[in-house]
Amino acid sequence: MELAQQNGVVTILNPAPPTVPIQGANHLEVLKKLLAVSDYCCPNETEALQLAHCYGHIAPEFDPKKGNMDPLLSTFRQCLLWLSNQGVKHPIITMGSKGTVALLETTKIPDQLPPDVSIVHTKQLRTGILANFVILHLSAPTISDAVDTTGAGDSFVGALAHFISRHPNLGPVEHIRRAIWVASQSIRKAGTQSSYPGRNELPSSLFGTDEFIWPTI
Numbered sequence: 153m154e155l156a157q158q159n160g161v162v163t164i165l166n167p168a169p170p171t172v173p174i175q176g177a178n179h180l181e182v183l184k185k186l187l188a189v190s191d192y193c194c195p196n197e198t199e200a201l202q203l204a205h206c207y208g209h210i211a212p213e214f215d216p217k218k219g220n221m222d223p224l225l226s227t228f229r230q231c232l233l234w235l236s237n238q239g240v241k242h243p244i245i246t247m248g249s250k251g252t253v254a255l256l257e258t259t260k261i262p263d264q265l266p267p268d269v270s271i272v273h274t275k276q277l278r279t280g281i282l283a284n285f286v287i288l289h290l291s292a293p294t295i296s297d298a299v300d301t302t303g304a305g306d307s308f309v310g311a312l313a314h315f316i317s318r319h320p321n322l323g324p325v326e327h328i329r330r331a332i333w334v335a336s337q338s339i340r341k342a343g344t345q346s347s348y349p350g351r352n353e354l355p356s357s358l359f360g361t362d363e364f365i366w367p368t369i
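Offset between the sequence shown (1-based) and my numbering: plus 152.
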């Protein structure tokens, strides 16, 4: 990952499953090295809380089973800021049917946000660097015929990598929105890789240059 970043390649870290500190093993040093060379880091809600709690001494304020959005965003804000302070340029936390939260620079936010995206927090300083950051909540579409959520997180990361590499000019908000939509379609089938939709199963507008409007499912 260090070599990739040194040569201008975008790096994505999917920390699943998260490492658990073991006495005598220097997990924190390894984790920090990985995070420092990660352009994107995409843990799910459980992994984010474990990482930040184990290494960042953040006391979890939210039980994912209860689904209360305000404490969730409060706790995940801490996780995103911790990941950002470790050097991750675009920390993202996936939250299943609740969508994702992401910390992005304000310069990368479009003037007009789509209706499924909202700003939940702003931060003006990060580790002494003058810059403006916002935390966004990006909703997920409601899937009434969900069958199996296994592998949805991997579907999200794979789709995110595709849109970043093949459509760089769309910007991170659209990259994340479209990856959410692809992942949401994967839960309509059983299995992991077998549930991932092919391009011919997805709307052509998903791969266009205009803002993607969610089709009616």
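Glycine included, every Cβ here is placed at the ideal spot set by N, Cα and C. None of these values were measured; they are calculated from a predicted model.
Find out if the Cβ-Cβ distance for the pair VAL269, CYS193 is shorter than 9 Å. no
Beta carbon of ALA168, beta carbon of GLU199: below 9 Å? Yes, the Cβ-Cβ distance between ALA168 and GLU199 is below 9 Å.
So what's CYS231 in DSSP terms, helix, strand or just coil? helix
Any idea which residues DSSP pairs THR252 with across the strands? THR246 and LEU290
Can you give me the Cβ contacts of PRO260 inside the same chain, cut-off strictly under 8 Å, excluding the 5 residues immediately before and after it? Note that residue 260 corresponds to Lys in the displayed sequence, not to Pro. The residues are GLY323, PRO324 and VAL325.
Anticipated Cβ contact below 8 Å, HIS289 with LEU312, distance rounded: About 17 Å separates the two Cβ atoms, so there is no contact after all.
Beta carbon of VAL334 nearer than 9 Å to that of SER307: If you check the CB distance, VAL334 and SER307 come in under 9 Å.
In chain order, what residues of the same chain lie with their CB nearer than 7 Å to the CB of ILE332, ignoring the 5 residues before and after it? GLY251, THR252, LEU290, ALA292 and PHE308
With distances taken Cα to Cα, identify the nearest neighbour of LEU358 among THR344, SER346, GLN337 and GLN345. The alpha carbon of LEU358 has as its nearest neighbour, out of THR344, SER346, GLN337 and GLN345, the alpha carbon of GLN337.
Coil, strand or helix - SER270 by DSSP: strand
What distance in whole Å lies between the Cβ atoms of THR344 and THR395, which are believed to be in contact at a cut-off of 8 Å? Outside the shown range of the chain, which is 153 to 369, sits residue 395, and nothing can be said about it.
Reduced DSSP secondary structure (H/G/I, E/B, other) of PHE359: Three-state result, PHE359: helix.
Considering only C-alpha positions, which residue in the set ALA304, PRO367, HIS319 and GLY310 is nearest to ALA342? ALA304
Please name the residue, chosen from ARG340, LEU187 and PRO195, that lies closest to GLU154 on a Cα-to-Cα basis. LEU187
Tell me the DSSP bridge mates of ILE164? TYR192
GLY323 - containing alpha helix (DSSP H), residue span: Note, GLY323: premise wrong, no alpha helix (DSSP H); not H, not E.
Taking the alpha carbon of ILE365 as the point to measure from, which residue in LEU183, ASP297 and ARG330 has its own alpha carbon closest? ARG330
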